[in-house]
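Beneath this line is the structure, given in structure tokens, with notes to follow.
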Amino acid sequence: MTTRPAPPRQMRLPLQRDLPDNADGFVVSDCNKAAVEALADWPNRIGGAMAICGPAGCGKSRLAQIWAERVGAVAIHGAEAAVIAPMELEGRPVLLDPARDVDDETLFHLINLAQGSGGALLLVARSAPSSWAVTLPDLRSRLDAVISVPMEAPDDAVLAAMLDARFAERGIRPQKDVVPYLLRRIDRSAAAAADVVERLDGLHKPVTRALAREALEGADESGELFDD
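Here the sequence shown stands for residues 844 to 1071, where the numbers follow the working numbering.
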């Protein structure tokens, strides 16, 4: 017979992380459409646990935060979950990101809470919960039952939107051929988009294709835009 773990120690609920004001600017494309649609009407009356999974920089955390704002979820950063009193989360939707940073016992209790009335648990991770190595048998079966929705690396539409947003934040108006040029040459991630725009901004010149090439050549030498 499996011995279930004792509830985690009771401590005050930490402050919820800052969430985006709204979903403006989040581009829906083939790389993220399945996750967007899965979260559109979830949690419903059934609640439970769901995971969105994908590579670094694919936008899964931003999509999850937009969901958390919409449903009024408590957003918890990874290991912070271990110091939260379970009763403070009962009957509430919860966002756990990154979910893989949570210890087995805490994750077990959070999934159990998600089954109650009004509860729901959204896990954000690079891999599906069914692939996680855990030691608690009861947790293993629960993770295997979690619905996992994949997200892929940004496609051209999403990566272009990321670049446009980073340029706009800095008040930069690049020439029209700059973004298409960058799409073919940088890593497909939010971090790479932010890095190249920061590099271009630091050159203090009009952002042209020639300047983009100069920035990428410098980045290629340092590896900043191309390392995982």
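All residues carry an ideal CB built from backbone N, CA and C; glycine is no exception.
Euclidean distance between Cα positions of residue i and residue j
i	j	result
residue 932	residue 1040	40 Å
residue 1044	residue 1058	10 Å
residue 864	residue 944	Because residue 864 carries a pLDDT of 42, less than 50, the predicted location of this residue cannot be relied on, and the following value inherits that uncertainty. Each residue's alpha carbon lies about 26 Å from the other.
residue 1023	residue 998	12 Å
residue 987	residue 955	14 Å
residue 922	residue 1051	44 Å
residue 911	residue 936	8 Å
residue 1011	residue 960	43 Å
residue 970	residue 1049	41 Å
residue 1015	residue 906	25 Å
residue 1030	residue 1036	8 Å
residue 976	residue 953	17 Å
residue 978	residue 984	11 Å
residue 796	residue 884	Any answer about residue 796 is impossible in this case: the structure gives the chain only from 844 up to 1071.
residue 914	residue 1017	37 Å
residue 878	residue 901	12 Å
residue 887	residue 951	21 Å
residue 934	residue 928	13 Å
residue 1026	residue 1056	12 Å
residue 1021	residue 996	21 Å
residue 1060	residue 1013	22 Å
Residue i - containing beta strand (DSSP E), residue span
i	result
residue 936	936-939
residue 993	990-993
residue 966	963-968
residue 917	917-919
Cβ-based burial, residue i [other Cβ within 10 Å; buried from 16]
i	result
residue 930	exposed
residue 875	buried
residue 918	buried
residue 1019	exposed
residue 807	In the structure as shown, the chain begins at 844 and stops at 1071. Residue 807 is therefore absent and cannot be evaluated.
residue 1038	buried
Neighbourhood of residue i by C-beta, 6 Å cutoff - its chain only, sequence neighbours within 5 removed
i	result
residue 1000	870, 872
residue 989	892, 894, 972
residue 903	895, 897, 967, 994
residue 881	992
residue 938	907, 911, 916, 918, 965
Coarse secondary structure for residue i, derived from DSSP in three states
i	result
residue 1029	coil
residue 1114	A query on residue 1114 cannot be resolved here, the shown segment of the chain reaching from 844 to 1071 and no further.
residue 891	strand
residue 956	helix
residue 996	coil
residue 977	coil
Residue interval of the alpha helix (DSSP H) (run including residue i)
i	result
residue 1003	999-1012
residue 906	903-914
residue 881	876-883
Own chain residues within Cβ distance below 7 Å of residue i, not counting five before or after
i	result
residue 1054	1043, 1046, 1048
residue 941	921, 967, 968
residue 1008	868
residue 1083	The shown model of the chain, from 844 to 1071, leaves out residue 1083, and the question about it has no answer.
Same chain, Cβ closer than 8 Å to residue i, five either side skipped, listed in chain order
i	result
residue 899	969, 1032, 1034, 1071
Cutoff 7 Å: residue i Cβ touching any chain D Cβ
i	result
residue 1040	In summary, chain D is missing from the structure at hand, where a single protein chain is found.
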